[in-house]
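Here the structure is laid out as structure tokens; the discussion comes afterwards.
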Amino acid sequence: MFDFEKLVRSRCSIRRFLPTPIPREHLEEALALAQLAPSNSNIQPWRLFLTEGERTERLREALMAEVRAHPRELAPLPASFRAYRRELGAMVYGSMGIARDDEAGRAVASQRNYEFFGAPVVGILCMHRDLGLTDAVGVGMYLQTLVLGLTARGIGTCVQAALKTYPEVIRREIAIPEELEILCGLSLGYADPEFPTNHLKVPKQPVDKNVSILRTSQDTLRP
1 MFDFEKLVRS RCSIRRFLPT PIPREHLEEA LALAQLAPSN SNIQPWRLFL TEGERTERLR
61 EALMAEVRAH PRELAPLPAS FRAYRRELGA MVYGSMGIAR DDEAGRAVAS QRNYEFFGAP
121 VVGILCMHRD LGLTDAVGVG MYLQTLVLGL TARGIGTCVQ AALKTYPEVI RREIAIPEEL
181 EILCGLSLGY ADPEFPTNHL KVPKQPVDKN VSILRTSQDT LRP
């Protein structure tokens with residue numbers, strides 16, 4: 001086990017996994033730890049569906065068939081936030097040796113989202129449609145706890161908003177009930193240490209960009 005600060009700093013999004021199976025006891029330990037996450041009124045709003053083995057392969061094949069037949073763009077971001085996606089894309093694709101103007105190379109790399117980057121285990125995280133933003137906070141705390149619990153056991157992860165692009169395929173293949181909203185995917189397994197992108201450290205904003213500390217009545221919120 002790591003100390004907490006080292007654990008948080010060591011986590012990164014893995015974009016190429018080894019086929020090595022995850023020991024069941026390690027997965028179950030991390031899941032049990034995540035179940036301790038706080039939530040509004042203790043309703044524990046998260047629903048996680050995990051696939052491995054044949055079910056992961058079937059889901060991978062179904063998604064890739066749909067991607068090739070009916071390619072879709074990722075859900076758009078508001079104009080004021082699009083620069084973040086462009087900056088991240090430049091870093092990720094650059095670490096793969098894909099130039100900014102290489103549209104074909106970027107398309108191939110993007111499609112690997114739907115192959116789960118070769119991960120042996122895939123999670124689909126959901127929440128009941130009747131719940132709201134407050135409950136989504138609880139799901140987020142569950143996901144972060146799970147990711148850190150896996151990281152502490154040497155298991156890499158990639159949280160994938162892209163998997164929400166084809167919800168009907170995922171719903172059909174895993175038989176997810178209609179009352180559950182698909183929030184994101186989670187690929188997990190052992191990172192390929194030879195893949196440069198797996199060592200990419202994405203820079204974060206200074207704390208004061210996201211946090212306002214108000215001490216007196218004259219203090220105002222930062223824009």
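The sequence shown begins at 1 in full-length UniProt numbering and counts up one residue at a time. Don't be surprised by glycine CBs; every beta carbon is placed ideally from N, CA and C. Computed from a predicted model, the values in this text were never measured in an experiment.
In chain order, Arg47, Cys126, Met127, His128 and Arg129 place their CB closer than 8 Å to the CB of leucine 180, counting only its own chain and leaving out the 5 sequence neighbours on each side. If you ignore the 5 residues before and after serine 13, its C-beta comes within less than 6 Å of the C-beta of Cys158, all in its own chain and listed in chain order.
Annotated three-state conformation of arginine 171 is helix, per DSSP. Nearest Cα to leucine 36 within the set Asn113, Gly185 and Tyr142: Tyr142. Looking at the DSSP output, glycine 189 bridges to Gly156. Glutamate 178 and valine 122 have their C-alpha atoms spaced approximately 20 Å apart. Aspartate 219 counts as exposed, since fewer than 16 other C-beta atoms from the protein chains shown sit within 10 angstroms of its C-beta. Segment contact: the region 80-95 against the region 190-207, three or more CB-CB distances shorter than 8 Å; contact assigned. In terms of Cβ geometry, asparagine 210 and threonine 134 do not form a close pair [threshold 9 Å]. Between the alpha carbons of glutamine 44 and glutamine 111 lies a distance of about 33 Å. CA-CA distance, arginine 72 to leucine 186, rounds to 20 Å.
In the three-state reduction of the DSSP assignment, valine 202 falls in the coil class.
In this structure, the straight-line span from the alpha carbon of glutamate 66 to that of proline 23 is close to 31 Å. Non-local C-beta neighbours of leucine 7 in its own chain, meaning closer than 7 Å and more than five positions away in sequence, comprise Leu148, Thr151 and Ala152, ordered along the chain. Note on the region 37-102: whole beta strand (DSSP E) runs with a minimum of 3 residues are 46-52, in chain order. Only buried fits valine 169, as 16 or more other CB atoms lie within 10 angstroms of its CB.
Classified as exposed, leucine 74 has fewer than 16 neighbouring CB atoms from the shown chains inside 10 Å of its CB. Cβ atoms of isoleucine 213 and isoleucine 176 stay farther apart than 8 Å, at about 41 Å. With 16 or more other Cβ atoms from the protein chains shown falling within 10 Å of its own Cβ, phenylalanine 116 counts as buried. The beta carbon of leucine 163 sits closer than 6 Å to the beta carbons of Gly185 from its chain, once the five residues preceding and following it are set aside; these are given in chain order. C-alpha of serine 10 to C-alpha of aspartate 102: approximately 30 Å in a straight line.
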